[in-house]
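Residue numbers (the numbering used here), protein chains in the order written: chain A, 1 to 221; chain B, 1001 to 1221. Beta carbons: idealized from backbone N, C-alpha and C, even for Gly. The next block holds one structure in the form of structure tokens; read it before the comments.
2 protein chains.
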Amino acid sequence: MSISPKLALLEEYALVARALSAPARLMLLEQLAQGERGVEALADKTGLTIANCSQHLQQLRRAALVTSRRDGKAVIYRLTDAKTLALMDLLRIVAERNLAQVERILRGLSGGYDAPEPVSRAVLAARLAEGSVTVLDVRPSDEYAAGHIPGARNATLAQLEQILPTLAHDAQIVAYCRGPYCVYAHQAVATLRRHGLNARRLEGGLPEWREDGRPVLIDVG
Amino acid sequence: MSISPKLALLEEYALVARALSAPARLMLLEQLAQGERGVEALADKTGLTIANCSQHLQQLRRAALVTSRRDGKAVIYRLTDAKTLALMDLLRIVAERNLAQVERILRGLSGGYDAPEPVSRAVLAARLAEGSVTVLDVRPSDEYAAGHIPGARNATLAQLEQILPTLAHDAQIVAYCRGPYCVYAHQAVATLRRHGLNARRLEGGLPEWREDGRPVLIDVG
DNA sequence: CTATTATTCAAGTTATCGCTTGAATGATGT
DNA sequence: ACATCATTCAAGCGATAACTTGAATAATAG
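Right under this line is the structure:
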């Protein structure tokens, strides 16, 4: 009763695509791109129930996009390799290039203002070296603590309005967040520009920065 | 009642992945990689009913992986751009690298024989230039007629046994088919090697060869 | 061994998907 | 206008997916 090898093969490829076909799992992958995490932490960050989160993670594991290991009572998940990130990135590129709906959503995030082109990671590294840039990490503070670009200042979207007075009006500001799937940096740049500041988004987020082999600062206990 | 922009965005990315999550649609994309096609031709090649095929194509179109145009009574579909092909390719690479099941299926296709590494397209082009290779196109003859590598000989898997005597035993044979999703070349190489011939698979298929900008010969009426 | 904590499993519900069937639409030629 | 051909739409069915709830399993601490 076995089906043809051809269909069996396509079924396996489709399995990988199916794993990427639910927003909840994309959220999980985005979190895992920041670094390995346990089930509970992932459930917290994504707002999923623990059981539901566990089930999504198992689907990702079946598709070999993530792997898991046991650490005491906890099970730690992480991305299998950089290819998983590459797949997510290509998915996003195709969607952004070709889907009008995505264009509309992204424009909406900028609050009507024209969003400038993002700053490449190489350019930011150069500007950082010469000290001519202010870098904002707009992720939650626990993620900032777990690793951030050296010299970056942490401020969530909620805190952004409060720290506005402390930002020089002539400074070039670069904001980043979790990565291309994350909208925090988009929103932060929109807020800053609305206040007349010279802000731009970093291309990609911390995972891509780390993937480039650039330095990441980790806060210690 | 609108959901958060974040979820809306992920929903769009997921839509693209979902379009790739059915074997039937992967089959259609593989066909479209050969060149643009009408609905009926695609239904024939894939074994889907016309209505079903049309619905799958519309899902691919919603995900912006394919586009369509009208030509008289017919509607012609084609891949939106090379990114669609890149996405399929990455999907396959992740599956082949990480899924044990895929490894098993591919090994099964080789009939237990160890399959040699595929020949790169650059190497084949060089060998063709010096005339030191026999190229076999193992796709159906209509696809061969619609475009093939210059100098390639057409033989379906069914015809392969018959033409065996006409193949020199000391020749280097390279077989290719529709592309990485297609198993014909795997099977052809297995058959040829079982008969003691020095056969290898081309890396990728005709779409990848064409994408490289290499010459493609089209049979005219 | 028992209690505790982290995760997974199992059952049930609702929604969606893939496929089929038959009718509707759109373009073309008589 | 009418007939024809290619494609799409609409309704219906069975299978699968997402989420919830509550129970079961694994590892550790007392």
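Straight-line Cα distance separating residue j from residue i
i                  : j                  : result
Leu-57 (chain A)   : Leu-164 (chain A)  : 39 angstroms
Thr-1046 (chain B) : Tyr-1176 (chain B) : 19 angstroms
Arg-193 (chain A)  : Ala-199 (chain A)  : 6 angstroms
Ala-41 (chain A)   : Leu-48 (chain A)   : 10 angstroms
Ala-1008 (chain B) : Leu-9 (chain A)    : 32 angstroms
Arg-1061 (chain B) : Ala-1155 (chain B) : 33 angstroms
Glu-1117 (chain B) : Val-102 (chain A)  : 41 angstroms
His-1195 (chain B) : Pro-5 (chain A)    : 22 angstroms
Asn-1098 (chain B) : Tyr-1077 (chain B) : 32 angstroms
Glu-1130 (chain B) : Leu-1197 (chain B) : 20 angstroms
Val-1123 (chain B) : Leu-1136 (chain B) : 15 angstroms
Gln-1034 (chain B) : Met-1027 (chain B) : 11 angstroms
Ser-54 (chain A)   : Thr-191 (chain A)  : 36 angstroms
Ser-1132 (chain B) : Leu-79 (chain A)   : 45 angstroms
Arg-107 (chain A)  : Tyr-113 (chain A)  : 8 angstroms
Gln-159 (chain A)  : Arg-178 (chain A)  : 17 angstroms
Glu-143 (chain A)  : Glu-1143 (chain B) : 53 angstroms
C-beta contact flag for residue i and residue j at 9 angstroms
i                  : j                  : result
Glu-36 (chain A)   : Met-88 (chain A)   : no
Ala-1115 (chain B) : Leu-1157 (chain B) : no
Arg-1127 (chain B) : Val-1138 (chain B) : no
Val-1183 (chain B) : Leu-1109 (chain B) : yes
Ala-1014 (chain B) : Pro-23 (chain A)   : yes
Asp-1071 (chain B) : Ala-1145 (chain B) : no
Ile-1105 (chain B) : Glu-161 (chain A)  : no
Ser-21 (chain A)   : Ser-1021 (chain B) : yes
Leu-1032 (chain B) : Leu-90 (chain A)   : no
Span of the alpha helix (DSSP H) around residue i
i                  : result
Thr-1191 (chain B) : 1184-1194
Val-39 (chain A)   : 39-46
Val-123 (chain A)  : 121-129
Ile-1105 (chain B) : 1100-1109
Ala-19 (chain A)   : 5-19
Arg-25 (chain A)   : 23-34
Asp-142 (chain A)  : 141-145
Ala-155 (chain A)  : Counting along the chain, Ala-155 (chain A) falls outside any alpha helix (DSSP H), and DSSP gives it neither H nor E.
His-56 (chain A)   : 50-62
Sequence-distant residues of the same chain with beta carbon closer than 6 angstroms to residue i, five excluded per side
i                  : result
Met-1 (chain A)    : Residue placement at Met-1 (chain A) is flagged as unreliable, the pLDDT there being 41, under the threshold of 50; a coordinate-derived value is accordingly withheld.
His-1227 (chain B) : Any property of residue 1227 (chain B) remains undetermined from this structure, which presents chain B solely from 1001 to 1221.
Tyr-1181 (chain B) : Glu-1030
Ala-43 (chain A)   : Ile-50 and Cys-53
Val-16 (chain A)   : Ala-63
Contacts around residue i, its chain only, beta-carbon distance under 8 angstroms, and the 5 residues preceding and following it disregarded
i                  : result
Thr-1134 (chain B) : Arg-1153, Leu-1167, Ala-1168, Ala-1171, Gln-1172, Ile-1173 and Val-1174
Val-1075 (chain B) : Gly-1038, Val-1039, Ser-1068 and Arg-1069
Val-1216 (chain B) : Gly-1147, His-1148, Ile-1149, Pro-1150, Leu-1206, Trp-1209 and Arg-1210
Arg-1121 (chain B) : Leu-1202, Glu-1203, Gly-1204, Glu-1208, Trp-1209, Asp-1212 and Arg-1214
Ala-262 (chain A)  : Summary: the structure shown does not reach residue 262 (chain A), with chain A confined to residues 1 through 221, and so no result is reported for it.
Lys-73 (chain A)   : none
Run of the beta strand (DSSP E) containing residue i, from where it starts to where it stops
i                  : result
Ala-134 (chain A)  : Residue identity differs from the one stated: residue 134 (chain A) is Thr in this sequence, not Ala. 134-137 is the span of the beta strand (DSSP E), which, as asked, contains Thr-134 (chain A).
Ala-74 (chain A)   : 74-79
Ala-1199 (chain B) : 1198-1201
Ala-173 (chain A)  : Before going on, a small fix: residue 173 (chain A) reads as Ile here, not Ala. Element bounds for Ile-173 (chain A): 172-176.
Arg-214 (chain A)  : Run containing Arg-214 (chain A): none; DSSP gives neither H nor E here.
Thr-1067 (chain B) : 1066-1071
Proximal residues to residue i (C-beta, below 7 angstroms), its chain only, five neighbours per side dropped
i                  : result
Gln-59 (chain A)   : Ala-19 and Arg-25
Ala-1100 (chain B) : none
Gly-1111 (chain B) : Ala-1190 and Arg-1194
Exercise. Taking 8 angstroms as the threshold, find out whether the region 77-91 of chain A comes into contact with the region 1091-1103 of chain B through three or more Cβ pairs.
Key: Cβ pair count under 8 angstroms is three or more, so yes.
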